[in-house]
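Heads up, the thing below is written out as structure tokens.
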Amino acid sequence: MTEIVRTVTDLRTRVAAWRREGMPVALVPTMGALHPGHLSLVDAGLARGCRVVVSIFVNPTQFGPNEDLARYPRQETADVALLAGRGAHLAFCPSVDEMYAQVSATRVEVKGLTDGLCGAARPGHFSGMATIVTKLLLQALPDFAMFGEKDWQQLQVVRRMVRDLDIPVEIVGCPTVREADGLALSSRNLRLSAGDRTIAPLLNREMRRIAETVARGGTATAALAEARASLATAGFGRIDYLELRHPETLEPAGMRPARVFAAVWLGNVRLIDNVPV
Ligand code: PAF
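In terms of the working numbering, the sequence shown is numbered consecutively and its last residue is 291.
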């Protein structure tokens, strides 16, 4: 059974009891609508012998005014059942009031790494994300915190923030979990229409094609242009970005090492993915 707590006080009480027993603790921060990608993060905590806390909180401060906060899927009962099946120990499901009781005057900003990619397309997103992750880390004080590599930029931002603020936690990046056809798992995939679901895997195919071309010494510009054209023909909408960047600094990549990053709209769903070159 996975116990649910809704207050920071109860979370701290449970974690303190585990600490007294000498148990290490892993935190898996999520916004719910859990899928096998999230469950692989739970597995990573369990594999380290940890008591695993999964936070489920749709964080309003990381959504822009015209983004999908209201439409973001919420399914706590189903999520907690999935966590119980996987062996997670605790679900931390706070209300917005519990997390942001008073109007908060403090925001965490990570400069540089947040300038491009999703930072450019979603102003304020990373500051909201960094602020809530800092709060969650300070509330739970875990030994490990697990993040999926699908949100690669988020993972780099969190690593940097933890280093800069001396937060005593090890950030663990876990591989992206994909459908058999290559589509990266995401809670937002639930909102794809049946037709768009059949088109969606093309994004990963095109990204892998870019990576292979560049790895073989081909020109990135031509490969990126071909991929853009092919996505448009298939029915994808606006491309927020489709770029090669350095995997850690996230600066535009002149040479290897590099990673391909994309955020592309399909219907009213924004798909993101990244693949190594
Ligand atoms: O990746 C997410 O689901 C969110 O950005 C996170 C890390 C749970 C913070 O709200």
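Backbone N, C-alpha and C define an ideal beta-carbon position, used for all residues, glycine too.
Using a Cβ distance threshold of 7 Å, G281 and D195 do not count as a contacting pair.
The alpha-carbon separation between E265 and T27 amounts to approximately 42 Å. One alpha carbon belongs to F161, the other to I181, and they sit about 16 Å apart. By the neighbour-count criterion, in which 16 or more other beta carbons inside 10 Å mark a residue as buried, L204 falls on the exposed side.
Check the Cα spacing between M175 and each of S207, A135, V124 and F275: the tightest is with V124. Per DSSP, V283 is one residue of the beta strand (DSSP E) stretching across V283 to P290. C-alpha of D93 to C-alpha of V186: approximately 22 Å in a straight line. For G130, the closest of L25, T263, E184 and L97 by C-alpha to C-alpha distance is T263. Residue burial annotation: Q116 is exposed, with fewer than 16 other C-beta atoms found within 10 angstroms of its C-beta. Using a C-beta cut-off of 8 Å, the region 246-259 makes contact with the region 205-225, since at least three inter-stretch Cβ pairs fall below that distance. Q167 and G138 have their C-alpha atoms roughly 14 Å apart. In this structure, the CA atom of V274 is about 45 Å from the CA atom of R34.
Each residue's CA atom was taken as its position, placing G142 and R121 some 7 Å apart. Between G59 and A40, the CB-CB gap stays under 7 Å. The closest heavy atom of ligand 1 lies 6 Å or more from the beta carbon of N203.
For the options Q89, V110, T128 and A61, the alpha carbon positioned closest to that of A102 is the one of A61. Counting only residues of its own chain and dropping the five nearest sequence neighbours on each side, M45 has a CB closer than 6 Å to the CB of V72.
In this structure, D165 has its CB closer than 6 Å to one or more heavy atoms of ligand 1.
CA-to-CA, the gap between T227 and P261 works out to about 18 Å. At least one heavy atom of ligand 1 lies less than 6 Å from the C-beta of M45. At least one heavy atom of ligand 1 lies closer than 6 Å to the C-beta of I146. In terms of Cβ geometry, S54 and C188 form a close pair [threshold 7 Å]. Along the length of the region 24-63, whole beta strand (DSSP E) runs at least 3 residues long occupy 39-44, reported in chain order. Of the candidates L197, W32, E17 and M15, the residue whose Cα lies closest to the Cα of P156 is W32. Annotation: P43 to F158 spans about 11 Å, alpha carbon to alpha carbon.
Here A276 really is in contact with D287; their C-beta atoms are around 6 Å apart, less than 8 Å.
E81 is positioned such that its CB atom lies no closer than 7 Å to that of T21. According to DSSP, I18 shares a beta bridge with A105. Excluding its 5 nearest sequence neighbours in each direction, L96 has C-beta neighbours in its own chain below 7 Å: L48 and L53, listed in chain order.
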